[in-house]
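Below: one structure, written as C-alpha cells.
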Ligand SMILES: Cc1cc2nc3c(=O)[nH]c(=O)nc-3n(C[C@H](O)[C@H](O)[C@H](O)COP(=O)(O)OP(=O)(O)OC[C@H]3O[C@@H](n4cnc5c(N)ncnc54)[C@H](O)[C@@H]3O)c2cc1C
Ligand code: FES
C-alpha cells in the first residue's frame with residue numbers, strides 16, 4: 001500500500017481542481033492534486049469549446065450585478081443567490097488572472113477581449129479562445145500554472161474511491177493507482193472535491209468517460225448533502241447524425257452564436273415558436289425551452305431519420321462559414337459534411353449538472369475540512385444554467401475552495417487520519433478484492449484474485465442504467481416513469497453489490513467501472529428521488545403530468561445519506577439572499 | 580441485419596506473453612476504433628483495458644494506440660468494414676492490453692511525497 005500525507009488533497013484535476021490547487025498552494029499549503037485520469041485532461045474543462053461569461057465590459061457597458069440578474073432569471077427561482085453572486089463577481093477577476101497567465105482570449109483589432117452575447121445574457125459578456133479552443137486553452141494554462149506553483153504534487157491516475165472521516169471530521173481518502181492497481185491511503189487535513197459532473201449516466205451525453213457521478217456519492221457517504229439533484233441540463237442541439245469523429249457533439253452551439261442557423265422538423269418547418277420560444281435564425285431562446293420543443297416535436301412524430309430534428313446552415317455561403325470557423329470547416333469535410341448543402345441532425349443530450357454538493361460561500365460542505373468546487377457543487381444555477389457560466393463556476397469556486405481549504409488545514413493542526421476509520425474502505429481494495437459492498441462485508445466466493453472479472457456484467461449494468469436514465473429520468477418525465485426508474489436503480493444497486501470488485505493488476509479499468517457504477521447508481525437514485533417529489537415543471541425538470549410551474553415549489557430539495565444506508569430527500573426553505 | 584467488422588486486439592500485461600484476440604463488432608458507417616473497443620468492453624469483456632477520456636472530442640489525447648502499425652488516436656481512427664489490428668504503442672512502456680504509460684514523469688504518484 002502507498003501511504004501519503006498532505007495538507008490539502010484535491011480530488012479531480014479539471015478547471016476547479018487545478019485552480020483549487022493553485023489557490024491552496026498560494027496560501028502555503030502542501031497540495032496533492034489527484035485525478036483518476038490525467039491532470040487537466042480527463043474532465044469537461046478540456047472539452048469546453050465555447051464561451052466563458054464574465055462582466056468585463058470590454059465590448060460595451062456591463063457589470064457583474066447584471067450578470068447576476070441574468071443568472072437568477074435563468075435559474076427559475078431556485079438559484080442560491082450567495083453562490084451566484086460569488087460566481088458573477090469572481091468571474092471578472094479570474095478571467096483577468098487567466099489573461100495574465102496567457103490563456104489567449106480572442107481579441108479585436110483594438111486589443112480588447114472579444115465578448116459575444118450568448119443566449120440568456122443581456123450584454124456581450126462571453127469570452128472565448130479561437131477556434132473552438134476555449135477548454136483546451138484554459139486546461140493547458142492551468143496545468144502550466146499548477147506546475148509553476150511551488151507546493152503542488154500532481155498525481156495522474158489516482159482514483160479516489162472513498163473519503164475517510166473520523167468522528168465526523170475529514171481525515172483524507174483512499175483509492176488506487178491505475179498504473180499498477182496498488183491501494184493508496186492519503187492522510188489530509190482538508191479535502192476539496194472537484195470531481196465534475198454526472199452526465200455519463202445518460203445514454204445520450206456530451207460527457208467524458210470520467211463524468212460518472214462518483215463525486216456526489218463520495219460527498220454523501222462522507223456526511224455532506226446534495227441539492228437540486230433533479231436538474232441535469234440537457235443541451236438541446238447535440239449532434240446525432242451523420243457520425244462525426246474527432247468533434248464534440250455540442251459543437252453546433254458556437255455555429256449558432258456566430259451564424260444563427262435554423263431548427264427544422266422532418267417536414268422542414270420551424271417549430272420552436274410553438275413551444276413559447278422564438279428562433280427564426282437567431283439564437284436567443286434558453287436551453288430548457290429548446291430541449292422541450294425538440295422532444296415534443298419528436299414525440300409528435302415529426303422526427304428526422306436519426307430521431308431528432310434538422311439544424312440547417314444551408315442559407316450560408318462557403319466564405320461566411322470559413323471566416324467564422326476556419327479549420328473546423330475542413331474537419332467537417334473530412335467527416336463528409338458540407339453545411340452549405342445539407343442539414344445535420346440534432347437532439348437534446350445530457351450536458352451539465354446544475355445540482356450537486358451543498359456548500360456555503362466558502363465552499364465548505366459543513367463536514368469539517370471537506371470542501372467542494374466546480375460542477376460538483378449545486379446551487380449556483382438553480383433549475384437552469386446560463387451558457388458560459390460553468391467554466392467561471394469551476395474557476396471561481398475552485399479558487400475559493402482551495403483558499404479556504406488551505407486555511408482550514410492550517411488551523412487543523414494534525415490530520416484526523418485514523419487507520420481504524422480507513423480500514424473498511426481499504427478492505428475493498430485489498431489484493432484479492434472481491435469484498436461485498438453490502439453492509440455485512442462478506443467475501444464473495446470465487447473473487448478472482450488478480451484477474452479482473454471476465455464477461456460483460458459491469459458493461460451491461462452500465463448500459464441498463466444509461467437507458468433507463470435516458471428514457472425515464474431524462475428531458476420529459478412522468479411520475480410513473482420516475483417511480484419505476486427508482487425501483488430499477490435500486491435493483492441495479494443490489495446487482496452491483498453481488499458483483500465482485502474486480503481484482504488489481506496494471507490498469508484495472510473494470511475495477512474503475514465497478515466504483516464508477518457504485519457512485520453513479522447513488523447519484524442516479526438521488527436524481528430520480530428528487531425528480532419524483534417535484535410535482536411541477538421548472539427549468540430543466542419537465543413533468544408531463546405536471547406541466548405548470550407551482551410557485552409553492554420555488555424551493556430546493558436536499559438529499560442526504562441516512563445511517564441505515566437509505567437516501568433521504570427533503571424540501572428546504574426558500575433560497576437565502578445575501579446580506 | 581447489421582454487418583460486423585473484425586477487430587484484432589493485442590492483449591496482455593507487461594511481462595506476459597502477448598496474445599491477439601479477434602472480435603466481431605457490429606459495424607456502422609463512420610464508426611471509430613474506440614467505438615468498437617468500447618462496444619467490446621460493454622458487451623463482451625469488460626476486462627479489456629484501454630486509456631481514453633473524452634470519447635468524441637479528440638481533446639484529451641489519451642487514446643493513442645497503434646492501428647495497423649500506425650500511431651493513431653483510437654477515437655478518430657475509423658474502423659473499416661474489412662477490420663483493423665490494434666496494439667499498444669510500441670515505443671512506450673506497456674501497462675496492460677492497449678494501455679501504455681504516457682503519464683509525464685512529474686505527474687506520477689511516487690510511493691511517498693518528497
Ligand atoms: C463538451 C462540453 C462542452 C462544454 N462547453 C462549455 C462552455 O463552452 N462554457 C462553459 O462555461 N461550460 C462548458 N461546459 C461545462 C464545463 O466545461 C464544466 O462544467 C466544467 O469544466 C467543470 O469543471 P470541473 O473542474 O468542475 O470538472 P471537470 O473538468 O469535469 O474535472 C473533473 C475531474 O475529476 C476527475 N475525477 C472524478 N472523479 C474522481 C475520483 N473519484 N478520483 C479522482 N479523480 C476524479 C475526473 O477524471 C475529471 O478530470 C462544457 C461541458 C462539456 C462536457
Ligand atoms: S478519447 Fe480523448 S482524444 Fe481520443
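Residue numbers (the numbering used here), protein chains in the order written: chain Z, 1 to 579; chain Y, 580 to 693. Ideal placement from N, C-alpha and C gives every residue a C-beta, glycine not left out.
Residue 248(Z) belongs to the set of residues whose beta carbon lies under 8 Å from a beta carbon in chain Y. Using a Cβ-Cβ cut-off of 7 Å, residue 507(Z) is close to 628, 674, 675, 678 of chain Y, given in chain order. Using a Cβ-Cβ cut-off of 9 Å, residue 623(Y) is close to 455, 456, 459 of chain Z, given in chain order.
When DSSP states are grouped into helix, strand and coil, residue 172(Z) belongs to the strand group. One alpha carbon belongs to residue 145(Z), the other to residue 176(Z), and they sit about 26 Å apart. Within chain Z, no C-beta atom comes nearer than 8 Å to that of residue 670(Y); the closest sits roughly 18 Å away. One residue list follows from the rule of a beta carbon closer than 7 Å to any heavy atom of ligand 2, given in chain order as 613(Y), 631(Y), 632(Y), 633(Y), 634(Y), 636(Y), 637(Y), 638(Y), 639(Y), 640(Y), 641(Y), 642(Y), 652(Y), 653(Y), 654(Y), 655(Y). Contact note: residue 591(Y) does not reach chain Z at a C-beta cutoff of 7 Å; the least C-beta distance is about 10 Å.
A check of alpha carbon separations from residue 568(Z) across 58(Z), 155(Z), 547(Z), 227(Z) identifies 227(Z) as the nearest. Leaving aside the five residues that flank residue 475(Z) on each side, the residues in its chain whose CB is nearer than 8 Å to its CB run, in chain order, 234, 291, 292, 295, 348, 542.
Secondary structure note for residue 152(Z): its beta strand (DSSP E) is the uninterrupted segment 152-156.
DSSP, reduced to helix, strand and coil, places residue 39(Z) outside both helices and strands of the structure shown, so it counts as coil.
Only exposed fits residue 685(Y), as fewer than 16 other CB atoms lie within 10 angstroms of its CB.
The Cβ of residue 164(Z) sits no closer than 8 Å to any Cβ of chain Y.
Cα atoms of residue 133(Z) and residue 104(Z): separation of roughly 10 Å, rounded to the nearest angstrom.
For ligand 1, no non-hydrogen atom lies closer than 7 Å to the CB of residue 619(Y). The Cβ atoms of residue 49(Z) and residue 114(Z) do not sit closer than 8 Å to each other. A residue is called buried once 16 or more other Cβ atoms fall within 10 Å of its Cβ, and residue 33(Z) is buried on that count. When the Cα atoms are used, residue 201(Z) and residue 525(Z) turn out to be separated by approximately 11 Å. Rounded to the nearest whole angstrom, the C-alpha separation of residue 355(Z) and residue 313(Z) is 34 Å. The beta carbon of residue 250(Z) sits closer than 7 Å to at least one heavy atom of ligand 1.
In this structure residue 571(Z) is exposed. Its beta-carbon is surrounded by fewer than 16 other beta-carbon atoms within 10 angstroms.
Per DSSP, the beta-bridge partners of residue 571(Z) are 557(Z). Judged by beta-carbon spacing, residue 506(Z) lies within the 8 Å limit of residue 181(Z), meaning their Cβ atoms are closer than that value. Within chain Z, the C-beta atoms nearer than 7 Å to that of residue 631(Y) come from 209, in chain order. Residue 581(Y) does not reach chain Z, its nearest Cβ partner there being about 14 Å away, counting only Cβ pairs nearer than 9 Å.
About 6 Å separates the CB atoms of residue 653(Y) and residue 616(Y); that is less than 8 Å, so the two are in contact. Counting the other CB atoms within 10 Å of its CB gives residue 573(Z) a total below 16, which places it among the exposed residues. Counting every other CB atom within 10 Å of its CB across the protein chains shown gives residue 498(Z) a total below 16, marking it as exposed.
Below the 7 Å Cβ cutoff, chain Z contributes 208, 209 as neighbours of residue 634(Y), in chain order. One finds 620, 625 in chain Y with Cβ atoms closer than 9 Å to the Cβ of residue 513(Z), taken in chain order. Apart from sequence neighbours up to five positions away, the residues of its chain that approach residue 207(Z) with a beta-carbon distance below 6 Å are 199, 200, ordered along the chain.
Annotated three-state conformation of residue 406(Z) is helix, per DSSP. Contact check for residue 149(Z) against residue 25(Z) passes: the beta carbons are separated by less than 8 Å.
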